[in-house]
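Novice: The sequence shown runs -11 to 206 under this note's numbering.
Glycine is no exception: its CB is placed at the ideal position from the N, C-alpha and C atoms.
Model, not experiment: these values are computed from the prediction.
For reference, the structure I am asking about is given below.
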Amino acid sequence: MFDLKNKIDYYLRTLTKFSRKNYSEDSELKQAINNYTFDVLSQTLNPSSQDNLRVLDIGSKNWEYVKGEYNFFKQFCNNLKLDGVEIDAYRLYSNFYSRYEVAKFYIKDLDGAEYYADNLLNINNKYDYIVWFLPFVTNYPHKRWGLPENMFMPEKLLAHAYKILTKEMLIINQGEEEAKIQQQLLESQNIPYKPLGVIKSNFYEFKNQRYGFVVKKT
Ligand SMILES: C[S@@+](CC[C@H](N)C(=O)[O-])C[C@H]1O[C@@H](n2cnc3c(N)ncnc32)[C@H](O)[C@@H]1O
-11 MFDLKNKIDY YLRTLTKFSR KNYSEDSELK QAINNYTFDV LSQTLNPSSQ DNLRVLDIGS
49 KNWEYVKGEY NFFKQFCNNL KLDGVEIDAY RLYSNFYSRY EVAKFYIKDL DGAEYYADNL
109 LNINNKYDYI VWFLPFVTNY PHKRWGLPEN MFMPEKLLAH AYKILTKEML IINQGEEEAK
169 IQQQLLESQN IPYKPLGVIK SNFYEFKNQR YGFVVKKT
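Okay, structure coming up:
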């Protein structure tokens, strides 16, 4: 029953793409989240400088943290192509703006940033770096998020992310249980990774502890 509701809701919002237009805001919380993102990337990745960098953010939601990612990677290149992909981009907030519309606001001054309302499995470009904050590794949060059950496919998504990666991928999970499952997923696919343990930042503290993994493409 729950899944039928998610299926119908998802179908309708993807079909209508309804949203109020021209979202705008200015908030200290968003600043803290962007500082957090920049800090976490600085603690975990160390890209060498180069002319062009291609970076993918997976499951971007409304991409409220894009500036943190953008400012981090921009330090290492002249030309940054930063893509975000979100399968449920047309979900509406109670103010009738969609995630897509909100993301458009966050990327508007970021040259080279693009938000794709799409499934990761349809993204076939290659990326030097991939950032994946809070992938769904168990069914329950996926369902609670409002996604149809047939879209829960952690193994397939991980294999695809690894396929399009050329250098390093940072994965951040929520809570110890999810981190354990993430580790099992990596091991079952023989994907080389380094566990980073608990990731903390002075800029923002989330309710649940977060754990990190860096995957290296060999
Ligand atoms: C827990 S949320 C994390 C959102 C965001 N990364 C953050 O840290 O706030 C996971 C996101 O992944 C998206 N997602 C799930 N499956 C996906 C897929 N196959 N392709 C793209 N995005 C997907 C969900 O819709 C959701 O927005």
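Whole angstroms is fine: what's the gap from Phe93's alpha carbon to Lys55's?
Specialist: Distance between the alpha carbons of Phe93 and Lys55 is about 11 Å.
Novice: Do you know whose CA, among Glu193, Glu164 and Gln177, lies nearest Gly200's CA?
Specialist: Of the candidates Glu193, Glu164 and Gln177, the one whose C-alpha sits nearest the C-alpha of Gly200 is Glu164.
Novice: Quick one: using the 10 Å Cβ neighbour count with 16 as the cut-off for buried, is Pro123 buried or exposed?
Specialist: With 16 or more other Cβ atoms within 10 Å, it is buried.
Novice: Residues in the same chain with beta-carbon distance under 7 Å from Leu173, minus the five sequence neighbours each way, listed in chain order, please.
Specialist: Answer for Leu173: Val125, Pro142, Glu143 and Leu146, listed in chain order.
Novice: Short of 6 Å in beta carbon distance, which residues of its chain neighbour Asn50, apart from the five on each side in sequence? Order them along the chain.
Specialist: For Asn50, where only same-chain residues beyond five positions count, the Cβ hits under 6 Å are Arg87, Val90 and Ala91.
Novice: In terms of residue numbering, what span does the beta strand (DSSP E) encompassing Gln177 cover?
Specialist: Run containing Gln177: none; DSSP gives neither H nor E here.
Novice: What is the rounded straight-line gap between the Cα of Asp99 and the Cα of Leu68?
Specialist: C-alpha separation (whole angstroms): 8 Å.
Novice: Using alpha carbons as the reference points, say which of Thr206, Lys62, Asn66 and Phe6 lies closest to Asn178.
Specialist: Checking every option, the nearest Cα to that of Asn178 belongs to Thr206.
Novice: Pro183: which of Asn23, Val202 and Phe121 sits nearest, CA to CA?
Specialist: Considering only alpha carbons, the answer is Val202.
Novice: Using the three-state DSSP reduction, which class does Gly72 fall into: helix, strand or coil?
Specialist: Strand, per DSSP.
Novice: Is Met157 helix, strand or coil when you go by DSSP?
Specialist: Residue state, collapsed to three classes: strand.
Novice: For Phe61, which residues from the same chain have a beta carbon less than 6 Å from its beta carbon, with the 5 sequence-adjacent residues on both sides left out?
Specialist: Cβ within range, chain order: Leu41, Val43 and Leu68.
Novice: For ligand 1, is there any heavy atom lying closer than 6 Å to the beta carbon of Ile187?
Specialist: Outside the cutoff, so no.
Novice: Just to check, is the beta-carbon of Asn110 closer than 6 Å to a non-hydrogen atom of ligand 1?
Specialist: Checking every heavy atom of ligand 1 against the Cβ of Asn110, none is found closer than 6 Å.
Novice: Ordered along the chain, which non-local residues of its own chain (more than five positions away) have a Cβ less than 8 Å from that of Thr4?
Specialist: The residues are Tyr78.
Novice: Glu102 lies in the beta strand (DSSP E); which residues open and close that run?
Specialist: Ala101 to Ala105 is the span of the beta strand (DSSP E), which, as asked, contains Glu102.
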